[in-house]
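Chemist:
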Amino acid sequence: MSEHKKRRKVEICHNCHTILKPEDNFCPNCGQENHDLKVPVSHLIFEVVEGFTHLDTKLYNTLRAIFLYPGKITKDFLEGRRGRYVPPIRLYFLASFLFFLLLGFMIDTAIEKGQNGFFDGVVDGVSESKSKAEKENQKRLKNAKKALKEIKSSSDTNGLYKAEYELNDVKSDIKDLENLDEQTKDLQKKTNSWIDFVNIDADEILDEMNIQNDDTLRTLIEKLPEHQQRQRLIAIQKQIVLDTVNTVELSDVSNEMSEYFTETIGTKSQLKYVLRLHSLKNNALLKVQYFQDTIITIKGSDGSVENKAYKQRILKMSDTELDSLITHRKKTGRASTNFMGFLALERGFLRNVTHYELAFEEDAETAIQEITHFGIGVFSLMMFILMPIVAILLKFLYSKRSHSFFTYPFRILRYLWDYFLYLIRFRKTRRYQYVPNILEGHTRYYYEHLIFSIHIHSVLFLMIVIFVGGGVFFGYWKEALSATMLGFIIYFIVALKVVYRQRLFKTIFKSFILFFLYIISFFTILSITGAIKFALS
0 MSEHKKRRKV EICHNCHTIL KPEDNFCPNC GQENHDLKVP VSHLIFEVVE
50 GFTHLDTKLY NTLRAIFLYP GKITKDFLEG RRGRYVPPIR LYFLASFLFF
100 LLLGFMIDTA IEKGQNGFFD GVVDGVSESK SKAEKENQKR LKNAKKALKE
150 IKSSSDTNGL YKAEYELNDV KSDIKDLENL DEQTKDLQKK TNSWIDFVNI
200 DADEILDEMN IQNDDTLRTL IEKLPEHQQR QRLIAIQKQI VLDTVNTVEL
250 SDVSNEMSEY FTETIGTKSQ LKYVLRLHSL KNNALLKVQY FQDTIITIKG
300 SDGSVENKAY KQRILKMSDT ELDSLITHRK KTGRASTNFM GFLALERGFL
350 RNVTHYELAF EEDAETAIQE ITHFGIGVFS LMMFILMPIV AILLKFLYSK
400 RSHSFFTYPF RILRYLWDYF LYLIRFRKTR RYQYVPNILE GHTRYYYEHL
450 IFSIHIHSVL FLMIVIFVGG GVFFGYWKEA LSATMLGFII YFIVALKVVY
500 RQRLFKTIFK SFILFFLYII SFFTILSITG AIKFALS
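Those letters in the sequence shown? Residues 0 to 536, by numbering that gives the first Met the number 0.
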């Protein structure tokens, strides 16, 4: 509570009816604040404005200590000077809220730029080349006209013919350059068409056609160059359409598939038609003409080909059916995950993977945004698990008992050597009177390391928000991120030295051990947390 707040005090507590003294800010019986709220709305608005103009100094003191004195906030907190700072948990919530807000904004911006950036880069390259070519051609035109004028005045017939040829050549280049704008406009259509064909390959199409995995058709198609695969698949699809007994029409076809099976008619390709795509029924056999007089038999799968229809069936399966499918996959060696017998997790994982695979086919941009925001949620949850584990690592590295355990062999040898020197009368008195204990010495409490872990993660988030956020605003976020991470490493080493009060060399050595263990812990916990949350969501 701010010390600037002016309370409207009452004589009797409204909650427990205890008589209050004029100096009581809170009821001594129930703890309720001695502040009357029965006032006009205008008065409440005034209090809100006053609250903003007389901000609590805790946030200022906390930020000042964080950025000017590394480790001071943890050191003061552990020594009992806590009233001047924002509590650790509240500070972490504030820092993480700002951090994940910035992270979400950066990811959304990157996805948006990724959708438009490819063609923008192509057009920028064309525009830059066009600008250089224009300058070069203007210079050539000027020189050609000048040369032609000089040759005409000198009556040189051969030179005149040569100069006129050069002038016509330059004019032809300028005319070609003027047509470049039209070519650039067509570039987006060609680029998008190329991207559509890149996003879908022959294997995916054969899966959608429900062709058996070991079918001869797959082997033959794979041997063809990519530009011939499309023609051959269209010819086969035309034959499949004619068989209404062994095939079934695909009801939900992606835009890429429709574009792939679109043909044009006429010399100018003005007319287009799209094939109504069909797939083979399970275990169906169908003879088709592969090439000229070559006839092959194609086989429908036994239900194991994971095409779009198969994935849609998975989403509609009951828990019992999914359990049977998962068991079958494990027996055939096609299981993609292993949750050590937890079928509920495996069911959820399979359903979600299938859902996102279909989502990518329908709307890749929306699916990417959905997955990235899911990842941010996993990241935020993982940090709550990671911080206590980092505190365990700190307790292990900075425990005098741990140090005593690892140095025990050297201490026992030192004790025996001292005893030997005493026995041979080389020393009159013994330096070490007692056999050293394997675990000795005071160690810090676990909560002390946990407070440091919470503070250091809060500092990292705040540094990223302030410096990387500024880099995003000015367009230099990569450089800002590199500088921030380098600065944080230095900050972390200084904070360790201030809080744990060890020599600089030992602090640097332990900090590198911590970084190594932190990276291992980070990715291990992230993968486990992500897999479980993904399966349960």
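Ideal placement from N, C-alpha and C gives every residue a C-beta, glycine not left out.
Taking all protein chains shown into account, do 16 or more other C-beta atoms lie within 10 angstroms of the C-beta of residue 91, making it buried, or fewer, making it exposed?
Modeler: Of the residues assessed, residue 91 falls on the buried side of the cut-off, its CB having 16 or more other CB atoms within 10 angstroms.
Chemist: Looking at the unbroken beta strand (DSSP E) that takes in residue 272, where does it start and where does it end?
Modeler: 270-273
Chemist: Tell me, to the nearest whole angstrom, how far the beta carbon of residue 260 is from that of residue 249; I am working on the premise that it is less than 8 Å.
Modeler: Going by Cβ atoms, the distance from residue 260 to residue 249 rounds to 10 Å, so no, they are not a contact pair.
Chemist: Go through its chain and collect everything with a Cβ distance to residue 33's Cβ below 7 Å, but skip five positions before and after it.
Modeler: 6, 8, 9, 19, 23, 24, 25 and 26
Chemist: Name the one or two DSSP bridge partners that residue 284 has.
Modeler: 298
Chemist: Ignoring anything shorter than 4 residues or poking outside the segment 468-509, list the alpha helix (DSSP H) runs there in chain order.
Modeler: 468-473 and 476-499, all fully within the segment 468-509.
Chemist: Give me the Cα-Cα distance between residue 13 and residue 82, rounded to the nearest whole angstrom.
Modeler: Straight through space, the alpha carbons of residue 82 and residue 13 are spaced by roughly 29 Å.
Chemist: If the criterion is Cβ atoms closer than 8 Å, does the pair residue 520 and residue 492 meet it?
Modeler: no
Chemist: Is the separation between the beta-carbon of residue 98 and that of residue 460 shorter than 8 Å?
Modeler: yes
Chemist: Rounded C-beta distance between residue 209 and residue 300? I'm assuming under 8 Å.
Modeler: 5 Å
Chemist: What are the boundary residues of the alpha helix (DSSP H) that residue 279 is part of?
Modeler: First-last for residue 279: 277-279, but that is the beta strand (DSSP E), not the alpha helix (DSSP H).
Chemist: Measure the alpha-carbon distance for residue 103 versus residue 377 and round it to whole angstroms.
Modeler: 13 Å
Chemist: Please report how far the alpha carbon of residue 537 lies from the alpha carbon of residue 396, in whole angstroms.
Modeler: The chain is shown from 0 up to 536; residue 537 falls before or after that span and cannot be answered.
Chemist: Since residue 247 sits in a beta bridge, which residues does DSSP pair it with?
Modeler: 278
Chemist: From this set, 454, 536 and 514, which residue's C-alpha is nearest residue 64's C-alpha?
Modeler: 454
Chemist: Going by DSSP, which residues form a beta bridge with residue 262?
Modeler: 272
Chemist: So for residue 210, helix, strand or coil by DSSP?
Modeler: strand
Chemist: Please work out which residues of its chain come closer than 6 Å, Cβ to Cβ, to residue 70, disregarding the five sequence neighbours upstream and downstream, and give them in chain order.
Modeler: Excluding positions up to five away in sequence, the list reads 494, 497 and 498.
Chemist: Please determine, among 357, 362, 328 and 358, the residue with the shortest C-alpha to C-alpha distance to residue 346.
Modeler: 328
Chemist: Identify which residue in 255, 294 and 365 has its Cα closest to the Cα of residue 207.
Modeler: 255
Chemist: Work out the CA separation of residue 370 and residue 389 for me, nearest whole Å.
Modeler: 27 Å
Chemist: Going by DSSP, what residue range makes up the alpha helix (DSSP H) through residue 372?
Modeler: Per DSSP, residue 372 is one residue of the alpha helix (DSSP H) stretching across 363-396.
Chemist: Does residue 523 come out as helix, strand or coil in the three-state DSSP assignment?
Modeler: helix
Chemist: Would you check if the distance between the CB atom of residue 393 and the CB atom of residue 456 is smaller than 8 Å?
Modeler: no
Chemist: Is residue 293 helix, strand or coil when you go by DSSP?
Modeler: strand
Chemist: Are residue 486 and residue 478 close, meaning C-beta to C-beta below 8 Å?
Modeler: At a Cβ-Cβ threshold of 8 Å, residue 486 and residue 478 do not count as neighbours.
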